[in-house]
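Following: one structure in structure tokens, then a few remarks.
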Amino acid sequence: MTARRRTSRKPKDTLEENKTENQTTDTTDTANTGESAQKPSTTKKRSHSRRRSKPKTEDANQKTPDAAPDPKPASQSNRHKRTSKPDQQPQDNSSADKPTTTASREMIVNTAQEQECRIAVLESGRLEELYTERAGGTTHVGNIYKGVVTNVEPSIQACFIDFGIGQNGFLHISDLQSTYFPNNANAPKERVGRKRPRRDRPPIQECLKRGQELIVQVIKEGIGTKGPTLTTYLSIPGRFLVLMPGMNRLGISRKIEDESIRAKAREILQQLEPPKDTGFIIRTAGIDRTKRDLQRDMNYLLRLWEKVSQKIKSAPAPAAIYQESDLVIRTVRDVFNSNITRIICDTEATAKKIRDFLSIAMPRTKCRISYYDGETPIFAKHKIEQEIERIHSRHVPLRSGGSIVIDSTEAIVAIDVNSGKYRAHEDAETTSYKINIEAATEIARQLRLRDLGGVIIMDFIDMIQEKHRRAVEKALRDAVSSDRARTKILRTSQFGIIEMTRQRMRPSLKRSTFMDCPHCRGTGLMKTPESMTIEVMRQIQSCVSKSVIAQINVSVAPDVASHLLNRNRAAITELEKTNHKTITVLADRNLSNDQVQFNNLDDRGSIIPYKE
Numbered sequence: 109m110t111a112r113r114r115t116s117r118k119p120k121d122t123l124e125e126n127k128t129e130n131q132t133t134d135t136t137d138t139a140n141t142g143e144s145a146q147k148p149s150t151t152k153k154r155s156h157s158r159r160r161s162k163p164k165t166e167d168a169n170q171k172t173p174d175a176a177p178d179p180k181p182a183s184q185s186n187r188h189k190r191t192s193k194p195d196q197q198p199q200d201n202s203s204a205d206k207p208t209t210t211a212s213r214e215m216i217v218n219t220a221q222e223q224e225c226r227i228a229v230l231e232s233g234r235l236e237e238l239y240t241e242r243a244g245g246t247t248h249v250g251n252i253y254k255g256v257v258t259n260v261e262p263s264i265q266a267c268f269i270d271f272g273i274g275q276n277g278f279l280h281i282s283d284l285q286s287t288y289f290p291n292n293a294n295a296p297k298e299r300v301g302r303k304r305p306r307r308d309r310p311p312i313q314e315c316l317k318r319g320q321e322l323i324v325q326v327i328k329e330g331i332g333t334k335g336p337t338l339t340t341y342l343s344i345p346g347r348f349l350v351l352m353p354g355m356n357r358l359g360i361s362r363k364i365e366d367e368s369i370r371a372k373a374r375e376i377l378q379q380l381e382p383p384k385d386t387g388f389i390i391r392t393a394g395i396d397r398t399k400r401d402l403q404r405d406m407n408y409l410l411r412l413w414e415k416v417s418q419k420i421k422s423a424p425a426p427a428a429i430y431q432e433s434d435l436v437i438r439t440v441r442d443v444f445n446s447n448i449t450r451i452i453c454d455t456e457a458t459a460k461k462i463r464d465f466l467s468i469a470m471p472r473t474k475c476r477i478s479y480y481d482g483e484t485p486i487f488a489k490h491k492i493e494q495e496i497e498r499i500h501s502r503h504v505p506l507r508s509g510g511s512i513v514i515d516s517t518e519a520i521v522a523i524d525v526n527s528g529k530y531r532a533h534e535d536a537e538t539t540s541y542k543i544n545i546e547a548a549t550e551i552a553r554q555l556r557l558r559d560l561g562g563v564i565i566m567d568f569i570d571m572i573q574e575k576h577r578r579a580v581e582k583a584l585r586d587a588v589s590s591d592r593a594r595t596k597i598l599r600t601s602q603f604g605i606i607e608m609t610r611q612r613m614r615p616s617l618k619r620s621t622f623m624d625c626p627h628c629r630g631t632g633l634m635k636t637p638e639s640m641t642i643e644v645m646r647q648i649q650s651c652v653s654k655s656v657i658a659q660i661n662v663s664v665a666p667d668v669a670s671h672l673l674n675r676n677r678a679a680i681t682e683l684e685k686t687n688h689k690t691i692t693v694l695a696d697r698n699l700s701n702d703q704v705q706f707n708n709l710d711d712r713g714s715i716i717p718y719k720e
């Protein structure tokens with residue numbers, strides 16, 4: 109048996125993988141920890157196999173200079189981690205003209221319904237990413253506005269900005285550019301990626317006043333009662349570069365770790381001679397691009413900023429200055445890469461729009477666009493609707509028989525891992541390890557699909573061996589490495605709990621789809637008829653003790669009314685005789701078990717408001 113031959117080739121067209129998050133600095137994903145590459149299997153002809161595979165060993169262990177955001181198979185995720193030659197790419201990051209065959213990835217675009225746009229990314233037929241946007245709920249993230257300061261709060265070192273969407277935005281002192289600082293006319297501009305530290309910033313009440321106009325950009329959508337989060341560090345992303353006005357430095361994406369590649373990219377960027385007081389960041393998609401390509405992208409961004417600057421001068425505040433592209437173009441720009449073999453659209457107009465965009469940005473990939481005109485809806489055809497229904501369930505089954513339970517609140521997300529029916533090993537430690545490894549991958553997938561953010565606590569099954577705990581941590585980090593949102597994972601605590609944070613850009617899919625139940629008010633719990641009967645009796649006793657009340661009318665749910673008129677009939681009659689009051693119990697089908705309405709009257713028949 110001969111060893112498999114591995115080849116790697118330089119990409120002809122590096123594609124963009126990730127959108128600039130938080131818009132002030134290029135986002136960084138959690139780095140994968142290194143692990144030794146797996147050795148190829150040997151046979152009796154060991155020397156012959158080793159001799160034939162030796163020329164390919166060096167190429168097989170190259171580190172990808174551009175960490176791809178798309179999930180890789182387990183056999184490859186750890187194989188390309190140790191760096192030897194940064195100018196070579198592993199096989200699963202081959203050129204855009206020849207897509208990889210290691211994992212079939214497809215992008216399904218559903219825009220047949222005008223009210224909603226949905227985009228799904230499938231890997232081997234399994235849903236891995238889901239993006240939705242409704243016509244009435246268009247996101248504001250990335251948009252630039254001219255706003256007015258409505259209130260300055262020195263206690264929290266923040267202010268609230270009216271920028272024209274009906275809900276004031278939140279601007280913290282750490283997101284205020286130094287140009288708004290007092291006596292800052294001759295101060296040097298801030299550098300890209302290195303904002304002035306918090307301790308060196310003046311108080312916000314010395315920088316901004318009520319009624320002052322300023323230019324802001326939305327970096328986080330409003331969630332619940334919280335308004336959108338704003339920043340004055342503006343950034344406009346292009347295909348290969350990110351324009352940052354008011355900065356004086358050229359930067360490289362933090363995802364590019366190889367120093368030789370960073371130095372080469374910085375040298376090319378310096379040759380472009382960008383204008384003064386304008387910063388640029390070269391994105392991961394700009395690596396290995398020619399000077400001509402980068403210059404073309406820079407000229408486009410400068411022309412765009414010139415138009416934005418003209419609108420800033422003429423538009424009265426509050427007003428919208430710059431708006432991001434729609435969901436289709438944003439997703440294709442930020443998610444589409446060489447691993448995606450084709451894009452399927454269910455409308456010809458959407459297919460043409462994507463084809464026109466790719467003809468400019470990535471001409472060699474426009475042939476991957478196809479139009480689906482079948483009678484069956486495109487999501488039902490690829491069985492995506494069933495996957496979406498499972499996303500809304502709090503219970504997620506695992507293939508091995510275990511399960512995870514996801515409960516989310518406004519401040520925290522709790523995830524519990526259960527063994528379920530999985531009993532494949534006699535050793536409890538091995539059983540726990542196998543389930544936790546599978547659960548770690550599924551948890552990362554569910555966080556992406558549900559768009560959950562904030563503080564996340566994961567209660568894995570207890571494991572005794574330290575190496576198993578570290579393996580689960582590594583599996584979780586590898587699984588979230590493809591996440592476009594910023595994440596940070598802590599080590600396993602002594603209670604077997606792993607804590608992590610995930611950047612929250614917009615309300616979760618659950619909050620965008622569902623509303624709180626008006627009866628249980630989102631708790632999922634209601635009082636029993638018996639407990640509600642006891643509470644109503646207390647309130648009746650409070651009413652009969654007031655001399656101004658002559659008649660008490662109580663409206664409750666039918667089950668509660670049955671308890672009151674049967675089990676508590678004697679107690680109600682005794683209250684009427686003792687206090688000389690009239691008590692009437694009414695059954696109202698429109699009320700839930702834990703709802704009660706009082707209609708109290710005096711001797712003249714006037715209504716007396718009930719106050720407990």
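In the numbering used here, the protein residues as written are 109 to 720.
The beta carbon of each residue, even a glycine, is placed where N, CA and C say it ideally should be.
For clarity, every value in this text was computed on a predicted model and none was experimentally measured.
H490 sits in coil when the DSSP states are folded into three classes, being neither helix nor strand. Between Y530 and G509, the CB-CB gap stays under 7 Å. For Q649, DSSP records no beta bridge to any residue. With contacts defined as CB atoms closer than 7 Å, D283 and N276 fail to qualify as a contacting pair. In the DSSP assignment, the residues bridged to G359 are I389.
The C-beta separation of T240 from Q285 comes to about 33 Å, leaving the pair out of contact by the 8 Å criterion. Within the same chain, I281 come within 6 Å of R309 by CB-CB distance, once the 5 residues on both sides are set aside. When the alpha-carbon of I642 is set against those of T686, D702, S590 and M608, the nearest one is in D702. Around the beta-carbon of R318, fewer than 16 other beta-carbon atoms lie within 10 Å, marking it exposed.
Counting C-beta pairs with one atom in each stretch, the segment 621-630 and the segment 341-357 have fewer than three that are closer than 8 Å, which means they do not touch. When DSSP states are grouped into helix, strand and coil, S433 belongs to the coil group. Put simply, the segment 217-237 touches the segment 424-439. At least three CB pairs are less than 8 Å apart. According to the DSSP assignment, E224 belongs to no alpha helix (DSSP H) but to the beta strand (DSSP E) extending over E224 to E231. Scanning its chain for C-beta atoms nearer than 7 Å, with the 5 sequence neighbours on each side dropped, one finds around V644 the residues V662, V664, V668, L672 and V704, in chain order. In its chain, beyond the 5 residues on either side, V504 have a beta carbon closer than 8 Å to the beta carbon of R498. The beta-carbon distance between G528 and D567, rounded to whole angstroms, is 15 Å. This is too long to meet the 8 Å contact definition. Residues of the same chain with a CB within less than 8 Å of the CB of I572, apart from the 5 flanking positions on each side, are E537 in chain order. Looking at the DSSP output, C453 bridges to V217 and Y479. Per the DSSP secondary-structure output, D270 pairs in a beta bridge with V256.
With a 10 Å radius around the Cβ and a threshold of 16 neighbouring Cβ atoms, M623 comes out exposed. Taking a 10 Å sphere around the C-beta of L466, we find 16 or more other C-beta atoms and assign the residue as buried.
The alpha carbon of S368 has as its nearest neighbour, out of T455, D396, E574 and N526, the alpha carbon of D396. The beta carbon of T686 is closer than 6 Å to none in its chain, skipping five residues each way along the sequence. R234 is bridged by DSSP to E231.
Shown here, P311 sits in coil according to DSSP, grouped into three states, outside any helix or strand. Out of K474, R675 and E638, the CA that lies nearest to the CA of T449 is found in K474. G509 carries a coil assignment under DSSP once its states are collapsed to helix, strand and coil. The segment 323-350 is shown to contain whole beta strand (DSSP E) runs of 3 or more residues at 337-339, in chain order.
Judged by DSSP secondary structure, I691 falls within the beta strand (DSSP E) whose first and last residues are T690 to A695. Collapsing the DSSP output to three states places K596 in a strand. Comparing C-alpha distances from K635 to each of N526, S700, P262 and T333 shows the shortest one belongs to S700.
The three-state secondary structure of P471, taken from DSSP, is helix.
Check the Cα spacing between E607 and each of K254, T333 and A522: the tightest is with A522.
The segment 398-407 and the segment 375-389 touch, with three or more beta-carbon pairs separated by less than 8 Å. The alpha-carbon of S422 is positioned some 49 Å away from that of I514. Non-local beta-carbon contacts of G255 in its own chain, meaning distances under 8 Å to residues more than five positions away in sequence, involve I269, D270, F271, G272, G277, E321, L322, I323, V324, L338, A425 and P426 in chain order.
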